[in-house]
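Quick note, the sequence shown lines up with residues 21 to 400 if you use the numbering used here. Just so it is clear, CB atoms sit at the ideal spot from N, CA and C, and this is done for glycine as well. Inspection log for the structure reproduced underneath, given as structure tokens.
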Amino acid sequence: MTKTSQSAWRPHLIDPDTGSAIDLASGDIRATLAAITGDPQTTVLDTLAEQIDDLLQSRYPSMSSTDRAPLRSQLETQLSRWVYYPWLRALFRTLPPAELREARLARNRNKITAGEQARLAEGTIAIVGLSVGNHIARTLVMEGVGGRFRLADSDTLALSNLNRLSASITDLGLSKAVLAARALFEIDPYLDIEIFPAGVDPDALDDFLLAGGCEPDLVIEECDDFAVKIGLRDRLRALGIPVLMESSVRGTLDVERFDLEPERPLLHGLLEGIAADAGPDIDNVKALVAHVLPHMSTRTRQSIGQVGITLRSWPQLASEIALGAATATAAARKILLGIPLASGRYVADIDQWLSGRHVAPGLRNRQFAPMAMTEAGWVE
């Protein structure tokens, strides 16, 4: 793999009908497109007909495939875009932005209405820390929560990250910021994404927060750096920007609505007495985790005590991070839509839920009969 393909993270958007291109070398677009498709190492994927049929099924669910055929043929000549992914060496034919988003998110309706989906697409979300943050970013994009993203992480992918981070062993050594951006663009090539592979400088937070002269609507903080964790919140409070943190400990999600509470203590007051310049020393990190997350499970608490002795870091499970991505996305959706969500700590403890104490009344040990559809509805 070439150095260019290793570092590339933004797709090239090509419109062969109008001759316009984004981030593509100047010149004749048709010639460029022919050159790309003529590359024996480039994979060309054209599923536009299937995508258009999917779009039409979403728009006209009662229409038969036969009735859709004329519309499909007509739209295929109108709705054609090409996207080139340099890291995949793949050229992909797809729908324009609005139609792609409409078809891709059709199954959200009406848990998310069309109007809400359009509002969510206008949101700008900044994410600091792209291990847990990677899963959150992917879930946000899959659900259509946010259309502009800033992704920051100075780390690279290690083999030990693959117990919880969705990636491949062929990605080892890749910037986590690049990895996340690629994953999001492979879901939607029309996203507006900016990456910060050097991470966030605690002495220059506005370089991240005010990039492009635009404040984010929401920040999701998932980093381990003391100075960033504390300094970022202090600056967000001054700017009136809400922040979420999912800690992957017993399903804990912290919500800080600095947009509604400009005087709110940082992290519910739990950071009082912790120096922002304490540094990344193992003992400092262990003290921070124990101070901020006093409700850890027994195994997690025992593990924290072994960090730097028998363990290289505190344990995190893929299932916990997947849950965290779900709760953070749900919270982000509420904030962007203006649905009430108070500051505080929200806990969704799976182990407690699955202990058997929370089975709905009447369901414990119940044997379910097969369901059948009648004129009166579904019955056993």
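Within 8 Å, do at least three Cβ pairs link the segment 146-156 to the segment 191-205? yes
Anticipated Cβ contact below 8 Å, ALA348 with LEU229, distance rounded: At roughly 19 Å, the Cβ-Cβ gap does not stay under 8 Å, so ALA348 and LEU229 are not in contact.
My output table needs one value for ALA218: the three-state DSSP class, helix, strand or coil. coil
Cα separation between THR176 and LEU192? The C-alpha of LEU192 is placed about 8 Å away from the C-alpha of THR176.
Give the straight-line distance between the Cα atoms of LEU286 and ARG253, rounded to the nearest whole angstrom. 6 Å
Take LEU115 and list the residues in its own chain whose beta-carbon comes closer than 6 Å to its own, dropping the five residues that flank it on each side. GLN71, LEU99
In whole angstroms, give me the CA-to-CA distance for HIS315 and SER268. 12 Å
Would you mind stating whether ASP208 and ILE145 have Cβ atoms separated by less than 8 Å? no
Between the alpha carbons of ASP227 and ILE213, how many angstroms are there, rounded? 15 Å
Given this structure, state the Cα-to-Cα distance separating ASP173 from MET265, to the nearest angstrom. The alpha-carbon atoms of ASP173 and MET265 are separated by roughly 15 Å.
How big is the Cα-Cα spacing for ALA275 and GLY58? First, the amino acid is wrong: residue 275 is Val here, not Ala. Between VAL275 and GLY58, the C-alpha separation is close to 51 Å.
Length of the line joining the Cα atoms of PRO106 and SER27: 10 Å
CA-CA distance, ILE324 and TRP334? 6 Å
Would you report the Cα separation of ALA103 and THR67, rounded to the nearest angstrom? The question names Ala, but residue 103 is Val in the sequence shown. When rounded, the distance between both Cα atoms is 12 Å.
Please specify which runs of the beta strand (DSSP E), each continuous and at least 3 residues long, are wholly inside the segment 46-115, giving them in chain order. 63-66, 101-105, 110-114
Residues near ASP74 by beta carbon distance below 6 Å, same chain, minus five either side: ALA123
Residue range of the beta strand (DSSP E) that ARG365 falls in? Note, ARG365: beta strand (DSSP E), 364-367.
So, is ALA200 buried or exposed, given that buried needs 16 or more other C-beta atoms within 10 angstroms? ALA200 should be labelled buried.
Are the beta-carbon atoms of ALA157 and LEU171 separated by less than 8 Å? Closer than 8 Å, so yes.
Using the rule of at least 16 other Cβ atoms within 10 Å of the residue's Cβ for burial, across every protein chain shown, is PRO282 buried or exposed? exposed
Less than 8 Å between the CB atoms is what I'm expecting for VAL165 and LEU204, so what's the real figure, rounded? The C-beta distance from VAL165 to LEU204 rounds to 12 Å, too long to fall under 8 Å, and the pair is not in contact.
Mapping the DSSP letters down to three states, classify SER195 as helix, strand or coil. strand
For THR190, the three-state DSSP class (helix, strand or coil): helix
How many whole angstroms separate the CB atoms of ARG113 and THR63, which I take to be in contact at a CB cut-off of 8 Å? Not really, about 12 Å apart at Cβ, beyond 8 Å.
Can you tell me whether VAL367 is buried or exposed? The criterion is at least 16 other CB atoms within 10 Å of its CB, across all chains shown. exposed
Can you tell me the Cβ-Cβ gap for ALA338 and ASN183, rounded? I've got them flagged as a contact below 8 Å. Contact holds; Cβ gap of about 6 Å.
Give me the Cα-Cα distance between THR97 and LEU91, rounded to the nearest whole angstrom. 10 Å
Straight-line Cα distance separating LEU65 from LEU111: 6 Å
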